[in-house]
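Undergrad: Going by full-length UniProt numbering, 274 is the number at position 274 of the sequence shown; the sequence numbering is gapless.
My questions all concern the structure below.
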Amino acid sequence: MQVSVKRLALYPLGVTRSGQIRGALLSPVPRLLSPSTRTLFSETGVWEKDYLKETRRRVEEWWHPRIMAQWQKDAQAEGSNRKKFYVLSMFPYPSGQLHMGHVRVYTISDTIGHFQRMRGHQVLNPMGWDAFGLPAENAAIERGLDPEEWTKHNIQSMREQLDNLGLCFNWDREVTTCLPDYYKWTQFLFIKLFEAGLAYRKEAVVNWDPVDQTVLADEQVDENGRSWRSGALVEQKLLTQWFIKTTNYAKPLLDALADLPEWYGVKAMQANWIGQCTGCYFDFKLKVNGEETGETLSAYSSSPETVFGEAYLAILPSHRLLHGTSSVRSALEKAFQPGRDSLTEVTARNLFTGREVPLVISHKEAFDGYLDTVIGIPDCSEEDLSVATALNLRWTTVLKSNKDDTQTLINSDEFSGLTREQAFESITQKAREQKVGGHLTSSKLRDWLISRQRYWGTPIPVVHCGSCGPVAVPEEELPVTLPKLPSLTGKGASPLEAAHDWVNCTCPRCKGPARRETDTMDTFVDSAWYYLRYTDSHNPDRPFERHLADHWLPVDVYIGGKEHAVMHLYYARFLCHFCKDQGLVAHREPFWKLLVQGLIKGQTFKLADSGQYLKREAIDFTDKEPALRGGGRVEVTWEKMSKSKHNGLDPQEVVQQYGVDTVRLYILYAAPPEQDILWNVKTDALPGVLRWQSRLWQLVTKLRGARQPVDVPCPSLLKNKELAETKKIWENKNHAIQEVTSHLTEDFLFNAAISRLMGLTNTLSSATDRVVQHSVEFEEALAALVMMTAPMAPHLASELWAGLCQVKNPISPLLQHGGDVLQQFWPNVDPEYLNVPDFVELSVLINNKACGTVTVPLEVSKDSERMQQLILESPLGKQLIGERGIKRAILSPRTALINFLIDE
């Protein structure tokens, strides 16, 4: 069966993986032009007076391959002596066709990448493919194809589309998660988790998607109990599944949020997802009739400091122990009485305290949060006291109240005598050291369920041996590659069960017969570490070299949709924390700044009565309100673009109509990144950016016209009124540089940056002819304007710069440097504009004795913390204070004096 692949063919140009241009020549070669054909300055040396549609097309056709080739050349030439900047956009699933959401996120990353390179940074802006998962497998089943071939075709198509949009990625670092050279290291990291006791297998009541025939994590089920992907009502099944113990990292992940800058509300979402980490789990061994069953159960306590006062262990009626096949089940079923707390013959030995308590089946349908097993401690819960009393259970009192309203522990072994706060720290720490629990977490957080009963995913590198149990595949035998299957049905058990030659294997430990794990990993595992692989994407021996990961991490700006603000970011942060503890990286947090993007929404039309979505051609727009042709009331809304809602936009058609730069500028100008864009070409945004491009072109035309060979500029000819005009231009230029630089580094308000550039354009457009002809201020302001436009509209700015650099009789050295605009240094604010602050001599005293003075900026001389830092970093501070302990630093509010009280 032939696979139909739709390609975005803007121009027949592109750049190969090695950076070579295909379909174009590097040197400008004049062509024979018909009288009606518009010329391009870079090709012919003839400057068109106006920036019309045909000129725009020729500009983008000419500069597109050159910009991409120069990016690749610069990337290969850059050394590590430049300060790094890692800009990362979330990699796409290779569906085969870009949508406008892709265009938005990658336009933002491309703009930031160009800007930071112009600032002198060594920039990493990589791209890859989140290539495993259900969509490819389902598409392959529907078409009778191999999902690998389907995925490769889609990657090829989307790669060409990205290239044709002029997006400058570091393609030499490309990663594809479905290739063995990538998922070998996903398996490597899984084994590290397994060896650390963080990857484990247990029976669990799980969410089963009956359509996609796979388990879903709780996060993948919506509030209506439906699958996030298929929309099917989810069923509950008891299955043996693989989990990753992310709860062990809950408190570090929560605490680390405080050290990160604001993330557009996402930090609060992460904190809410994790919950208040005020309790922990303890591990118990179960017994029936005094005999250990081999079953380990983890139970939660919100007051772990009182764990020695445990009276019982409680489970819900829905707990897996009542539905599984273990030896505990019959004892529990015998004791279970619906609607009341049921005392059973099963007991549980706390591996931390060594104490044994009975197992109780609670009458409740749910505990706090998502818990199914809790420790009953009567001393700290009226409810627990009520249950223990009703069941006639015994327990030990562990709390003694003091006169000062504090409580002290008693009957708690070596922790007796500690306050509750002290005991909380000591008990949880010792439990962690003994590896029997103690990791602080919340009652709402659950471990990460990663098993998927599908074919197209990373194989879990474990074999099951009758003698040894689950055994990790040795590292030297990785990757465990997916076997080729003759067909996929998507029904029944995991498709890998059918690959008998692959499933049946030898145990790596005892060399006896064994079976491979036939579940594959959730694709969120693949994407939890791809930002690390980009730093060393072709390493055959390790997932990445530490020194390379340490050089590039953390990601300076991470860009993507807000729909990934919880799951993906949580998993990626967890994996990086784990890698730090394994000594694989130096950084605990993978991302510094997060830039979330809103949706691009299209106008939808649907029948008011039935809610049926209608095609645009079915709507009559002649009246004020849209109506159905032939009659009928229509509801008009703005919704996420999709084919089913008939409100999608094909990037190919949009770019062909308006051009790459216009689409880029519209996306950046229509709304701040985190807000949704309501795509409507009749609004002011799109006509506005079209007009602005023409006005930029006219400014270069204006300067070129004023600097003919005979028109030699002479600044001394300018009169007072004209000098005042040049001062205004100079001030507006510096203000624009200051504002635009801030927007592109701090708040990413690209719309505000473009507005500021439009303001500078207005100032220059109103300049008088003599100022244009004779002032260096106009020339430098126009040069700065074009340079600041370059990251956002690189094709147009490249042609404008070429026209500027060939202006006759230039005054400013800016126009004499040579090179393309994206190779120029980002303009700086002139020092005299900055109102350089005055300085003050600050007297430094140590233990009330004068020791010297330090010169500090006046504006910070009243800031005690900054003063301390400046002085400690000064030669005087290093010599006299050094590493000595500072008890207190007193900054005088009236005189320029600071007194350090330090240890003698």
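Backbone N, C-alpha and C fix where the C-beta goes; we use that ideal spot for every residue, glycine too.
1) Measuring alpha carbon to alpha carbon, tell me which residue in R340, W71 and E414 is nearest C168.
2) By a C-beta neighbour count over all protein chains shown, 10 Å radius and 16 as the cutoff for buried, is I112 buried or exposed?
3) Return the bridge partner residues of A271 from the DSSP annotation.
4) Name the two residues that bound the continuous beta strand (DSSP E) containing W208.
5) Can you say whether A549 is buried or exposed, counting buried as having 16 or more other CB atoms within 10 angstroms of its CB?
6) Is the beta carbon of I191 sitting closer than 7 Å to the one on A572?
7) Hey, K251 and L440: beta-carbon distance below 7 Å or not?
8) Closest to L814 by CA distance: which of S843, H795, E780 and P791 is it?
9) V772 to T763, Cα distance in whole Å?
10) Exposed or buried, C510, counting other C-beta atoms within 10 Å across all chains shown (16 or more means buried)?
11) Would you kindly work out how many angstroms separate the C-alpha atoms of V387 and R446, rounded to a whole number?
12) Would you report the Cα separation of K53 and D820, rounded to the nearest angstrom?
13) Using beta-carbon positions only, say whether K624 and L614 come within less than 7 Å of one another.
14) Under a three-way DSSP split, which group does Q675 fall into?
15) So, do the segment 745-757 and the segment 787-800 have three or more beta carbon pairs nearer to each other than 8 Å?
16) How many angstroms separate the CA atom of H121 from the CA atom of N732?
17) Does S227 pass the burial test, meaning 16 or more other C-beta atoms within 10 Å, or should it be called exposed?
18) Would you mind stating whether S362 and D341 have Cβ atoms separated by less than 7 Å?
19) Give me the Cα-Cα distance between K287 and S327, rounded to the nearest whole angstrom.
20) Drop a sphere of 10 angstroms on the beta-carbon of I667, count the other beta-carbons inside from all chains shown, and report buried for 16 or more, exposed for fewer.
21) Nearest to S843 by alpha carbon, out of E859, I890, G882 and G818?
22) Please specify which runs of the alpha helix (DSSP H), each continuous and at least 4 residues long, are wholly inside the segment 739-793, giving them in chain order.
23) Counting C-beta neighbours from all protein chains within 10 Å, is the total for A740 16 or more, i.e. buried, or is it exposed?
24) Looking only at its own chain, which residues have a Cβ that is under 8 Å from the Cβ of V689, when we skip the five neighbours before and after it?
25) Look up P827 in the DSSP assignment and give the residues it is bridged to.
26) I think L313 touches F336, with their Cβ atoms under 8 Å apart; what is that distance to the nearest whole Å?
27) Give the straight-line distance between the Cα atoms of Q187 and P474, rounded to the nearest whole angstrom.
28) Helix, strand or coil: which one does DSSP assign to N847?
29) From what residue to what residue does the beta strand (DSSP E) around L88 run?
30) Below 8 Å, how does it come out for the segment 449-457 and the segment 233-242: are there three or more Cβ pairs, yes or no?
31) Taking the DSSP output, what are the residues bridged to N504?
32) For S798, which three-state DSSP category applies?
33) Taking Cβ to Cβ, would you say K600 is nearer than 7 Å to W679?
34) Could you give the DSSP three-state label for G309: helix, strand or coil?
35) Can you grab the Cα-Cα spacing for the pair E174 / D522, in whole Å?
36) I need the straight-line Cα distance from F308 to A199, nearest angstrom please.
TA: Walking through what the data contain:
1) W71
2) buried
3) DSSP output for A271 lists no bridge partner at all.
4) Residues A199 to D209.
5) Per the 10 Å Cβ criterion, buried.
6) no
7) With respect to the 7 Å criterion, K251 and L440 are classified as neighbours on the basis of their beta carbons.
8) Relative to L814, the option among S843, H795, E780 and P791 whose CA is nearest is E780.
9) C-alpha separation (whole angstroms): 12 Å.
10) exposed
11) 26 Å
12) Spanning the two alpha carbons is a distance of roughly 23 Å.
13) Annotated as distal: K624 and L614, with beta-carbon spacing of 7 Å or more.
14) coil
15) yes
16) Straight-line Cα distance between these residues: approximately 26 Å.
17) It is buried - the Cβ of S227 has at least 16 other Cβ atoms within 10 Å.
18) yes
19) 10 Å
20) buried
21) I890
22) Whole alpha helix (DSSP H) segments, 4+ residues: 750-765, 769-774 and 776-789.
23) A small fix is needed here, since residue 740 is Val in this sequence, not Ala. Note on V740: 16 or more other CB atoms within 10 angstroms of its CB, so buried under the neighbour-count rule.
24) Closer than 8 Å at the Cβ level, and outside the excluded window around V689, lie T662, L665, Y666, Y669 and I754.
25) P827 pairs with nothing; no bridge assigned.
26) Not confirmed; about 15 Å, so no contact.
27) Computed Cα separation, rounded: 10 Å.
28) coil
29) K84 to S89
30) yes
31) The partner list for N504 (beta bridge, DSSP) reads R515.
32) helix
33) Checking the sequence shown, residue 600 turns out to be Ile, not Lys. Yes, these two residues count as a Cβ contact at 7 Å.
34) Here G309 sits in helix by DSSP.
35) 21 Å
36) 29 Å
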